[in-house]
Amino acid sequence: MRFAALALAALLFSLPALPAPADDDEPPVGLVPRYLLRDANGRAVTEGDFRGRFQLVAFGYTYCPDVCPTTLVEVADVLKRLGDDAARLQAIFVSVDPERDATGTLKDYTAFFDPRIIGLTASPELVKAAADRFKVRYGKVREPGAPADQYSVDHSAGLYLLGPDGGFLHKFAYQTPPADVATRIRDYMAVVKGLRRP
């Protein structure tokens, strides 16, 4: 199964600490965490649907050979470390490859890592709008002469933490240890009042 191979690759890649891209070391300037995407049922989803809960957002695609499975293995670890507090957080994986990542494909992909992670995508225009607001860069990379559907997608890595009001709180660089991510999220949870459970 392709997902199993990706998970194994993610574990192998997570052993040596790979350097994060330079743009992941500092919070993006002017980030406006807004999106209008679709879930596995084709339902329109915005950041407002999760008001009252934190959101941990990653961008990637299901054909990604290393960065994305590594990220989702780590997100699943964060959810496990949060224990009951994970109910106060929605983990989201946004596909920047809507041409190949149908919503059903995304559902199977994210569920392989943890069923609490939801996959979202939409038309190329709406995906680009969301990525632009999160200051995420991405683009197709195709070898000369390759078929139109055989390409990789070069994209920004990292995790974006949004607060219960939908506002941006923190960007975690690629491969920030899950223990550190969970600790930071708990710190935010401790100071934010009125959290609702789903």
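Its first residue numbered 51, the sequence shown is counted upward by one per residue in our numbering. Beta carbons are placed, not taken as given, at the ideal position from N, Cα and C, and that holds for glycine.
With C-beta atoms as the reference, is residue i less than 7 Å away from residue j?
| i | j | result |
| --- | --- | --- |
| S206 | R187 | yes |
| D116 | P228 | no |
| A180 | Y85 | yes |
| L209 | Q105 | no |
| F79 | R183 | Note that residue 79 is Val in the sequence shown here, rather than Phe. Contact: no. |
| D204 | G189 | yes |
Grab the span of the alpha helix (DSSP H) containing residue i for me, first residue to last.
| i | result |
| --- | --- |
| R183 | P174 to R183 |
| T120 | V117 to L132 |
| V231 | P228 to V241 |
Please return the same chain residues whose Cβ sits closer than 8 Å to the Cβ of residue i, not counting the five positions on each side in sequence.
| i | result |
| --- | --- |
| R236 | L132 and D135 |
| V177 | L87, V144, S145, V146, P148 and T171 |
| P71 | Confidence in P71 is poor, its pLDDT being 37 and thus under 50, which makes the residue's placement unreliable; the coordinate value appears in the next sentence. These residues qualify, in order along the chain: S206, A207 and Y224. |
| E97 | P83, R84, Y85, Q105, L212 and G216 |
| G92 | T153 |
Thinking residue i and residue j are a contact (beta carbons under 8 Å), I'd like their distance in whole angstroms, please.
| i | j | result |
| --- | --- | --- |
| R101 | G216 | 6 Å |
| V125 | A108 | 7 Å |
| A90 | K157 | 4 Å |
Taking the alpha-carbon positions, what's the residue i to residue j distance?
| i | j | result |
| --- | --- | --- |
| A67 | T226 | Confidence in A67 is poor, its pLDDT being 36 and thus under 50, which makes the residue's placement unreliable; the coordinate value appears in the next sentence. Whole-angstrom Cα-Cα distance: 9 Å. |
| I142 | R192 | 27 Å |
| A240 | A196 | 51 Å |
| G169 | T160 | 6 Å |
| P119 | K130 | 17 Å |
| D74 | R150 | Bear in mind that a pLDDT of 43 at D74, under 50, signals an unreliable position, so the number given afterwards is only what the model happens to contain. So the alpha carbons of these two residues sit roughly 26 Å apart. |
| V231 | Y238 | 11 Å |
| Y113 | T233 | 30 Å |
| I167 | P194 | 35 Å |
| A54 | F222 | In this prediction, A54 has a pLDDT of 48, which is less than 50 and means its spatial position is unreliable; what the coordinates show is noted afterwards. Those two C-alpha atoms are separated by around 25 Å. |
| P165 | E175 | 27 Å |
Tell me the residue span of the beta strand (DSSP E) that contains residue i.
| i | result |
| --- | --- |
| G169 | I167 to L170 |
| A108 | F104 to G110 |
| L156 | It is not in any beta strand (DSSP E) - L156 instead sits in the alpha helix (DSSP H) that spans T153 to F163. |
| D204 | S202 to H205 |
| G189 | Y188 to V191 |
| A223 | Run containing A223: none; DSSP gives neither H nor E here. |
Suppose the cutoff is 6 Å on Cβ atoms and the five residues either side in sequence are ignored; what does the same chain contact list for residue i look like?
| i | result |
| --- | --- |
| Q140 | F100, R103 and Q105 |
| G110 | C118 |
| H220 | L211 |
| T121 | A108 |
By Cβ distance, which residues of its chain are closer than 7 Å to residue i, with the 5 residues on each side in sequence left out?
| i | result |
| --- | --- |
| V242 | G213 and P214 |
| Y201 | K190, V191 and R192 |
| T155 | T112 |
Within 6 Å: the Cβ of residue i and any heavy atom of the ligand FMN?
| i | result |
| --- | --- |
| T160 | Although the ligand FMN was asked about, the structure shown includes no ligands whatsoever. |
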